[in-house]
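Read the sequence shown against full-length UniProt numbering and you will find it ends at 639, with the numbers running on by one and no gaps. Where is the CB? At the ideal position from N, CA and C, for every residue including glycine. Each remark here refers to the structure printed beneath this line.
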Amino acid sequence: MIVLQVNGASKSFGAEPILTNIKLEVKSNEKVALVGRNGVGKSTLLKMITGDLSVDSGEIIIPKDIEIGYLSQHCGLESNRTIWQEMIDVFSDIKEMEKMIRNLELKMADPSLIENQAAYSKLLNDYDQLQIEFEEKGGYRYEADIRSVLHGLQFSEFDYKNTVISALSGGQKTRLALAKLLLKKPELLILDEPTNHLDIETISWLEQYLYSYTGAILIVSHDRYFLDKIVSVIYELSRTQTTKYIGNYSKYLVEKENRQAIELKEYEKQQADIAKAEDFIQKNIARASTTKRAQSRQKQLEKMVRLEKPLGDEKSANFSFNIKKESGNNVLAINHLSVSYTEGENIFTDVNMHITKQESVAIVGPNGIGKSTLLKAIINKIPYNGSIELGTNVSVGYYDQEQANLTSKKTVINELWDEYPNMLEKDIRSVLGCFLFSGEDVFKSVVELSGGEKARLALAKLMLQKANFLILDEPTNHLDLDSKEILENALINYPGTILFVSHDRYFINRLATKVIELSSTGASEYLGDYDYYIEKKNEQIEIERLKETEKAAENEQKSARNREDMKKMQSLERKRQRRIQEIEALIDELEKEIKFAEEQLNKQDIFEDYQKAAEINESIAKNQDKLESLLEEWENLQI
C-alpha cells in the first residue's frame with residue numbers, strides 16, 4: 001500500500017523555482033531517505049507533504065486513514081506539564097478504555113445484576129471485547145513503552161513525574177518531542193535531521209528503534225552511518241528535481257556514480273554518431289550519386305532524440321589544510337587533568353592522554369560528559385587542575401562548534417581579511433570561492449549566514465592558519481553530505497595532527513587512528529577507528545557478561561554446596577539429638593540399676609553372702625564404668 005505519493009509537485013519562491021516536477025513515493029513499512037545539499041529544498045518538500053507549505057502545482061496524495069507524524073529540524077516540546085503527563089497524554093484513548101474496564105468490573109460485582117441473566121451476559125460480552133481491544137492497543141505495556149523510549153533518549157535519570165518540561169534545555173525539549181512522536185507510532189513518520197545534537201549512544205538506540213519500526217519512514221539526515229543502517233530507498237534532490245535509487249546510502253553512492261558514467265558514455269557515443277553522420281552528409285549531399293543517401297541520413301538525424309549532456313555534480317567546496325612548519329614527535333601530553341564547575345563539582349577527573357605527530361584522535365562519550373570542555377582546557381580557555389603540555393613547535397588551530405569566533409557584524413570577506421590584512425583581495429576571494437562564497441555572497445553579513453555557511457567560513461579561517469595541530473569540536477555539524485566528504489578528504493590528506501570531537505560515526509571511521517572514550521573518572525584509549533572501538537567495547541561488555549554469568553554460576557554452585565552442607569549438618573544434628581536422647585535414657589536406666597543394686601547390698605541375706613555381694617559389687621562397678629563413659633559422651637555431644 002502506498003502511504004505517500006508526490007506527483008509532479010512544484011514550488012517557487014518569487015521567480016526562483018525551488019522544486020519542479022517532484023516525484024516521490026513511500027510504501028507501507030518502507031524506510032526512505034531524502035538527501036541533497038543544504039538549501040536545495042529538502043525541508044521545503046517535507047513541509048509541503050505535511051501541509052505546512054502550499055503546493056504551486058502537482059499533487060500530494062496521502063490516504064485519509066493514514067496518520068502522519070512530523071519532526072521538524074528545530075522542533076522542541078513546549079509544555080508546562082511534567083514529562084510523564086506529556087508522554088501519558090499520547091495514550092489518552094487507552095486510559096479512557098482502562099476507566100471503562102474498571103467501571104464494567106464494578107457493575108459486574110453488583111449482586112443484583114446476576115439475577116438479570118440477559119443484562120449480565122451482555123455486560124460480560126462487552127467486558128471481553130473491551131479487554132481484547134485494550135490488549136491489542138498495548139494497554140498492558142504502554143507505561144513500559146514510555147519508560148523504554150525515555151530511557152533510550154537519555155532521560156532515565158530524570159524524575160519523570162515531577163520534572164516540568166518548561167525547565168529543560170532546548171536540546172532536551174527536542175528529544176522529548178521525538179519521544180512523544182515515537183510513542184504515537186503514526187503510519188508515516190517524517191523526520192527532518194532527527195540525529196542533530198544526539199550523542200552516539202542515543203543515535204545507536206534511535207537507529208535500532210527506527211530499524212524495527214513497523215510504520216513507513218521518510219527521513220532527512222546528514223548522518224551516513226545512520227542512513228546505511230535504516231533506509232532501503234534513497235531520493236536525491238538536486239537541481240530542483242528528485243532521482244530515485246534503491247538501497248542504502250553507500251549503495252546510492254555507487255549506483256549514482258555508475259549511472260553518471262553510463263549516461264556520459266551514451267551521450268558521448270551519440271555525439272560521435274552525430275558528428276560522423278554530419279560529416280557524411282556534408283561530404284555527400286552535393287554529389288548526384290550519393291545525394292539520396294545523404295538526404296536519408298539527414299532525415300534520420302533530424303528524427304533522432306538527442307540526449308542532453310549529463311550534468312556533473314553541483315559545485316562543491318574544494319579546500320585542503322596545510323602547515324607552516326613541522327611539530328616535534330610529541331604533540332600533546334595530559335596528566336591527571338580535572339575540570340570543575342564553578343560550584344566546585346567535578347565534570348571529569350584524572351584524564352590522561354598522549355598524542356604524537358600525525359595521529360588523528362577522536363574523543364567520544366555521552367552528551368554532558370565534558371568533551372568540548374576538555375578541548376577548551378587544552379587551548380587554555382577555561383581553568384583546570386593537572387598538567388597540559390604542548391610539544392615542540394606545536395601551533396594550534398581550533399574549530400569551535402558554536403562558531404563563537406565569528407564576528408556577526410562583519411561581512412564574510414572582512415571576517416577573513418581583517419585577520420589576514422596582508423593578503424590581496426583576489427587571494428581572499430579565491431579562498432572564499434573554495435568554500436562556495438562567490439560574487440555578492442562575500443558581502444553578506446555573518447549574522448545572515450546559515451549554520452552551514454558559518455561552518456564553511458570557520459573552516460576557511462582555520463585553513464589560513466596553517467596550524468600543525470587541529471583541535472576540532474563537532475566539525476561536521478551543519479555540513480551537508482557532500483561538504484562532509486570534502487572535509488574528510490582534506491583532513492585525511494592533512495600532514496599535521498588532529499584531535500576532534502564528533503558524533504558522526506562515519507566521519508570517525510574515516511578519520512580516526514585512535515579513539516579516546518571520556519568518562520567522569522578518566523579516559524580509555526582504543527587504537528583504531530570507530531568500528532574497532534565498538535568491537536572492543538562489545539568484547540568488554542561480553543567479558544563482563546561472562547564474568548557475571550560465571551560469578552552467578554559460582555554462587556549457584558556455592559549455594560548448592562551450602563545447601564548440601566546444610567542438609568548434612570541438619571542430618572548430623574538430628575543424629576546428635578537422637579544420640580543424646582538415647583544416652584539420657586541409658587543413663588537413667590543405669591542409675592536405676594546401680595541404685596537397685598546398692599539397695600540389695602544393704603539387705604542382711606545379701607551382704608552376709610560373700611559370693612553374692614561380690615557379684616553385685618562387680619555389677620555396680622561395671623555399670624559405673626558404663627555410666628561414666630555415657631556421661632563423657634553426653635558432655636561431648638553438648639558442645
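What separation, rounded to the nearest whole angstrom, lies between the Cα atoms of residue i and residue j?
i, j, result
"Leu181", "Arg175", "10 Å"
"Gly76", "Ile413", "35 Å"
"Ala467", "Asn422", "18 Å"
"residue 645", "Lys381", "Outside the displayed range of the chain (1 to 639) lies residue 645, so it cannot be described from this structure."
"Lys575", "Lys568", "10 Å"
"Gly433", "Gly451", "18 Å"
"Asp400", "Ile190", "31 Å"
"Met1", "Ala118", "43 Å"
"Glu207", "Gly215", "14 Å"
"Met97", "Ile146", "18 Å"
"Tyr533", "Tyr526", "6 Å"
"Gln154", "Leu198", "9 Å"
"Asp625", "Met566", "36 Å"
"Tyr225", "Asn196", "14 Å"
"Val40", "Ile219", "15 Å"
"Leu499", "Glu133", "55 Å"
"Val339", "Ile516", "17 Å"
"Asn385", "Tyr420", "35 Å"
"Asp89", "Glu201", "27 Å"
"Gly397", "Ala490", "15 Å"
"Tyr506", "Asn477", "13 Å"
"Asp418", "Lys410", "9 Å"
"Glu308", "Asp529", "43 Å"
"Ile230", "Glu67", "21 Å"
"Asn329", "Ala377", "22 Å"
"Glu16", "Leu462", "34 Å"
"Ile101", "Glu143", "17 Å"
"Glu474", "Glu30", "31 Å"
"Leu104", "Leu183", "28 Å"
"Ser320", "Tyr494", "7 Å"
"Ser54", "Gln5", "16 Å"
"Glu635", "Leu590", "17 Å"
"Ala261", "Val254", "11 Å"
Can you tell me where the alpha helix (DSSP H) with residue i in it begins and where it stops?
i, result
"Met463", "Gly451 to Gln465"
"Met108", "Ser92 to Met108"
"Lys122", "Gln117 to Glu136"
"Ala560", "Tyr530 to Leu601"
"Ile281", "Tyr249 to Asn284"
How many whole angstroms separate the CB atoms of residue i and residue j, which I take to be in contact at a CB cut-off of 8 Å?
i, j, result
"Ile355", "Val364", "Actually they do not touch by this definition, with Cβ atoms about 15 Å apart."
"residue 640", "Ile203", "Within the shown structure, residues of the chain are numbered from 1 to 639, placing residue 640 beyond reach of any answer."
"Ile606", "Lys612", "6 Å"
"Leu123", "Met108", "6 Å"
"Ile61", "Thr44", "With a Cβ gap of about 18 Å, Ile61 and Thr44 do not count as contacting."
"Gly370", "Ile388", "Not confirmed; about 14 Å, so no contact."
"Glu236", "Gly36", "6 Å"
"Val26", "Leu178", "Going by Cβ atoms, the distance from Val26 to Leu178 rounds to 20 Å, so no, they are not a contact pair."
"Gln600", "Ile583", "With 8 Å as the limit, Gln600 and Ile583 do not qualify as a contact, their Cβ atoms being about 25 Å apart."
"Asn623", "Ile594", "5 Å"
"Val446", "Ser408", "5 Å"
"Ala294", "Ile285", "4 Å"
"Thr242", "Ile22", "5 Å"
With a threshold of 6 Å on Cβ separation, who are the neighbours of residue i within its own chain once the five nearest residues in sequence on each side are excluded?
i, result
"Glu618", "none"
"Asn7", "Gly58 and Glu59"
"Tyr160", "Ile83 and Trp84"
"Leu374", "none"
"Glu263", "Pro310"
"Asp504", "Thr476"
"Ala33", "Ile219, Leu227, Val231 and Ile234"
Kindly list the residues whose CB is nearer than 8 Å to the CB of residue i, restricted to its own chain and excluding five residues on each side of it in sequence; keep chain order.
i, result
"Asn352", "Ile334, Asn335, His336, Leu337, Gly522 and Ala523"
In its own chain, which residues sit with a C-beta less than 7 Å from the C-beta of residue i, not counting the 5 before and 5 after it?
i, result
"Arg579", "Leu637"
"Asp56", "Ser10, Lys11 and Ser12"
"Asp609", "none"
"Ala460", "Leu416, Val431, Leu432 and Phe435"
"Pro186", "Glu67, Ile68, Gly69 and Gly215"
What residue range does the beta strand (DSSP E) around residue i cover?
i, result
"Ala523", "Gly522 to Leu527"
"Glu302", "No beta strand (DSSP E) contains Glu302, which is instead part of the alpha helix (DSSP H) from Thr291 to Lys303."
"Tyr398", "Val396 to Tyr399"
"Met353", "Asn346 to Thr356"
"Ser387", "Asn385 to Leu390"
**Report entry** Touch test, the stretch 276 to 288 against the stretch 238 to 247, Cβ-Cβ under 8 Å, three pairs minimum
**Finding:** no
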